[in-house]
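Notes follow the structure.
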Amino acid sequence: LNVVEPKAVSGKGGKVTLEPDIKDEFRILAMVPDVDRLIRAGAKVIIASHNGRFKDIQRNPAGYVLDPVPDKLRELKPDWNLKYIGKTTGPEVQSKVDSLREGEALLLGNLREDPGEEAGDPYYAEAIYQAVRPDAIVFGAFAAAHRGKQASLGPYINIHRRVKPGAPVIGAGLIRKELQGIQEFLSDPEARKNGVAILGGAKLDEKIEVMREIIKGHRVKKLIVLGAMSFYFRIAQGRRVGNSFLESRD
524 LNVVEPKAVS
534 GKGGKVTLEP
544 DIKDEFRILA
554 MVPDVDRLIR
564 AGAKVIIASH
574 NGRFKDIQRN
584 PAGYVLDPVP
594 DKLRELKPDW
604 NLKYIGKTTG
614 PEVQSKVDSL
624 REGEALLLGN
634 LREDPGEEAG
644 DPYYAEAIYQ
654 AVRPDAIVFG
664 AFAAAHRGKQ
674 ASLGPYINIH
684 RRVKPGAPVI
694 GAGLIRKELQ
704 GIQEFLSDPE
714 ARKNGVAILG
724 GAKLDEKIEV
734 MREIIKGHRV
744 KKLIVLGAMS
754 FYFRIAQGRR
764 VGNSFLESRD
């Protein structure tokens with residue numbers, strides 16, 4: 524995954540799919556600079572994002588739609604020409620994409636409303652590709668970048684590379700910013716003496732290698748584990764966690 528300026532991805536008028544993370548206002552704000560650079564470069568920007576997990580969406584479909592996001596983006600960037608369609612595949616999406624002009628953006632629906640996203644289904648990925656057919660893909664969902672099939676556009680990116688060999692797939696400016704921050708912290712001699720690393724989340728299996736590297740490399744003085752994955756350590760200590768969330772209780 525190359526990390527470069529988004530404006531360098533595609534020529535003027537090129538179609539660019541951007542996947543940001545927009546599940547809350549903080550992350551919406553974080554994605555704005557990347558979208559803005561692409562718009563100002565004259566690209567046709569297709570924003571494909573995700574919110575929640577499929578099992579949660581099944582229980583409460585209305586709670587995970589992206590309908591409020593366009594209004595928030597227009598509030599933040601009134602100069603954008605932004606369109607919205609609450610779908611991710613099909614002829615309606617293709618028609619919306621085809622109608623885009625240089626410097627315009629289209630927000631698709633929630634990728635995770637389809638079970639094929641979580642399953643990494645290549646047929647769903649192919650359906651997205653057929654509707655969008657981008658010249659380049661920009662990945663900006665840092666919180667999902669460490670995942671495999673559930674990185675939303677993972678199979679879609681593979682199809683893009685197969686159909687358009689050599690077409691760019693890059694990390695967005697937000698990815699670059701996050702990586703720079705992490706590298707600066709971990710390479711700072713003061714971090715070894717007084718630094719504190721805080722890791723949180725639900726999935727221990729996705730973070731265990733990072734934790735092992737931090738500990739073995741003596742990267743920081745203290746490592747604090749928060750969130751649901753801290754319950755595994757409590758169980759290992761013989762303590763109870765009641766009905767607290769665990770990915771697995773094996």
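Residue numbers (the working numbering): 524 to 773. Just so it is clear, CB atoms sit at the ideal spot from N, CA and C, and this is done for glycine as well.
Asked	Found
Cα-Cα separation between Arg735 and Glu701, rounded to whole angstroms	20 Å
Three-state secondary structure assigned by DSSP to Glu707	helix
Backbone CA spacing between Ala690 and Met554 [nearest angstrom]	22 Å
contact_flag[the segment 717 to 724, the segment 738 to 752] where n(CB pairs < 8 Å) is 3 or more	yes
8 Å Cβ shell around Asp776 - same chain, five flanking residues per side excluded	Missing from the structure shown is residue 776; the chain here goes from 524 to 773 and no further.
Helix, strand or coil at Lys619 according to DSSP, with G and I counted as helix	helix
Between the CA atoms of Gly765 and Ala674 - distance to the nearest angstrom	At Ala674, the pLDDT of 48 sits below 50, so the modelled position is not reliable; the number obtained from the coordinates is stated separately. Cα to Cα, the separation comes out at about 31 Å.
Member of Glu713, Glu732, Asp728 and Phe665 whose CA lies at the smallest distance from the CA of Arg497	Only positions 524 to 773 of the chain appear in the structure, and residue 497 is not among them; the question remains open.
Residue range of the unbroken beta strand (DSSP E) whose run includes Glu542	Lys538 to Glu542
Residue closest to Asn717, alpha-carbon to alpha-carbon, out of Phe708, Gln706, Ile737 and Val743	Val743
Nearest residue (CA-CA) to Arg582, options Arg560, Glu636 and Gly761	Glu636
Validate contact between the segment 589 to 603 and the segment 679 to 686 using beta carbons, cut 8 Å, 3 pairs	no
DSSP state of Ser572 mapped onto helix, strand, coil	strand
Ala659 - DSSP class collapsed to helix/strand/coil	strand
Proximity winner among Arg715, Phe708, Ala751 and Gly740, relative to Glu729 (alpha-carbon distances)	Ala751
Segment contact, 8 Å Cβ cut-off, at least three pairs: the segment 582 to 596 with the segment 644 to 654	no
Outcome for Lys739 when other beta-carbon atoms lying within 10 angstroms are tallied against a minimum of 16	exposed
Buried/exposed call for Ser622, threshold 16 Cβ in 10 Å	exposed
Where Ile731 sits in the DSSP three-state scheme	helix
Within 8 Å, strictly: CB atoms of Lys567 and Lys538	yes
Per-residue DSSP class, three states only, for Leu589	coil
Pro691 beta carbon near the ligand MG (any heavy atom closer than 7 Å)	No copy of the ligand MG appears in this structure; indeed no ligand is present at all.
Local conformation of Gly761 per DSSP, three classes	coil
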